[in-house]
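*Asks:* Position 169 of the sequence shown, counted from 1, bears residue number 154 in our numbering, the numbering being contiguous throughout. By construction, the Cβ of each residue, glycine as well, lies at the ideal position given by its N, Cα and C atoms. Model, not experiment: these values are computed from the prediction.
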Amino acid sequence: MRDDLLDLARSPLALLLVTLLGYQAGRWLQARTGGHALAQPVLPAIGAAALAITVLDVDYADYRSATELIAFWLGPATVALAIPLHRQADRLKGFVVPLLVAIVVGAATSIVTAVLIARVLGADEVLEKTLATKAATTPVAIALTDTLGGIPPLAAVFAISIGIFSAITGPATLDLLRVRDRRARGLAVGAVSHGIGASRMLREDETEGAFAGLAMGLSALAISLLVPVLALVLF
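1) Among Asp47, Thr52, Pro69, Leu54, which has the Cα closest to the Cα of serine 184?
2) Please state whether DSSP places lysine 114 in a helix, a strand or coil.
3) Using 8 Å as the Cβ pair cut-off and three pairs as the minimum, do the region 161 to 178 and the region 189 to 197 touch?
4) Just the C-alpha distance for glycine 24 and isoleucine 147, rounded to the nearest angstrom, thanks.
5) Compute the beta-carbon to beta-carbon distance between isoleucine 96 and threonine 123, rounded to the nearest angstrom, for a pair I have assumed lies under 8 Å.
6) Drop a sphere of 10 angstroms on the beta-carbon of phenylalanine 143, count the other beta-carbons inside from all chains shown, and report buried for 16 or more, exposed for fewer.
7) Taking three-plus beta-carbon pairs below 8 Å as touching, is the region -2 to 17 in contact with the region 34 to 52?
8) Please classify alanine 16: is it buried, with 16 or more other beta-carbons within 10 angstroms of its beta-carbon, or exposed?
9) Between alanine 108 and the rest of its own chain, which residues show a CB-CB distance below 8 Å, the 5 nearest in sequence each way excluded?
10) For the region 80 to 143, list the alpha helix (DSSP H) runs that are entirely contained and at least 4 residues long, ordered along the chain.
11) Along the alpha helix (DSSP H) that carries proline 26, what are the first and last residues, could you check?
12) So what does DSSP say about glutamine 73, is it helix, strand or coil?
13) Can you give the Cα-Cα distance for threonine 4 and valine 214, rounded to whole angstroms?
14) Do alanine 10 and alanine 152 count as a contact pair if the criterion is CB distance below 9 Å?
15) Of the residues Tyr45, Leu217, Ile208, Val218, which one's Cα is nearest the Cα of alanine 93?
16) So the candidates are Val164, Tyr8, Thr154, Arg(-5); which of them puts its Cα closest to the Cα of leucine 28?
17) Please return the same chain residues whose Cβ sits closer than 7 Å to the Cβ of glutamate 110, not counting the five positions on each side in sequence.
18) For leucine 6 and alanine 35, what's the separation of their Cα atoms in angstroms?
19) Go ahead and pull the three-state DSSP assignment for aspartate 47.
20) For a quick check, are the C-beta atoms of leucine 133 and alanine 216 less than 9 Å apart?
21) Where do the ends of the alpha helix (DSSP H) carrying valine 3 lie?
22) Over the uninterrupted alpha helix (DSSP H) stretch that includes alanine 200, give me the two end residues.
23) Hey, glutamine 73 and alanine 195 are a contact pair by Cβ (cut 8 Å); roughly how many whole angstroms apart?
24) Roughly how many angstroms lie between the CA atoms of aspartate 47 and leucine 41, to the nearest whole one?
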């Protein structure tokens, strides 16, 4: 009987349900706190999934396979971010060149500083290569890190952790720096906190959310192009 219950708990449907319930719990907490910055729905989802696979002794590869449906819908959800951008297309006038320069410079700075800070702190080359892709979206970070010879699973952890941290602290930091331009705010947060940050900014303002979504895609592209070039100098 016990073995049957364990098998049921480890089933793909059960693991998928745990993840979805964790995310719903996060949304409930977010609503209860009035959208507080620390109440990011993805945090309870990660906690629930981590607890489940640890207690049930489920291999991550099996969990990833069980939740493939969620991963599949991430693609359409990301594409859907183009809808608010389309509505804000007129806000791009006179902003395209500064936007592109900011994305490229920001991506290069992210890559170089991550590697150099890790080197100063005594990290080995494998960890340096893993950190180089931290500002890209998780799928891009995993693919680039694998190409560089880093540790793809750890790159995913870095990308997600930085995304959550930036989504929590980014808007407050911009307020402190008195950055008021909605486009610049969205661009700054989206470039470093990916989909999590874009979702946060979209809740606050449609223009900020639109430019955060744009920055997320352009940053991933810039990092994909810059990492192989900068790797020739850094490693």
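*Replies:* Reading it off the structure:
1) Pro69
2) helix
3) yes
4) This sequence places alanine at residue 24; glycine is not what is there. One C-alpha to the other measures close to 16 Å.
5) Not quite, the Cβ-Cβ distance comes to about 16 Å (not below 8 Å), so this is no contact.
6) buried
7) yes
8) exposed
9) Leu116
10) 81 to 105, 110 to 116, 123 to 133
11) That residue, proline 26, is in no alpha helix (DSSP H); it is neither H nor E in DSSP.
12) coil
13) 38 Å
14) no
15) Ile208
16) Tyr8
17) Phe220
18) 13 Å
19) helix
20) yes
21) -3 to 17
22) 191 to 219
23) 4 Å
24) 12 Å
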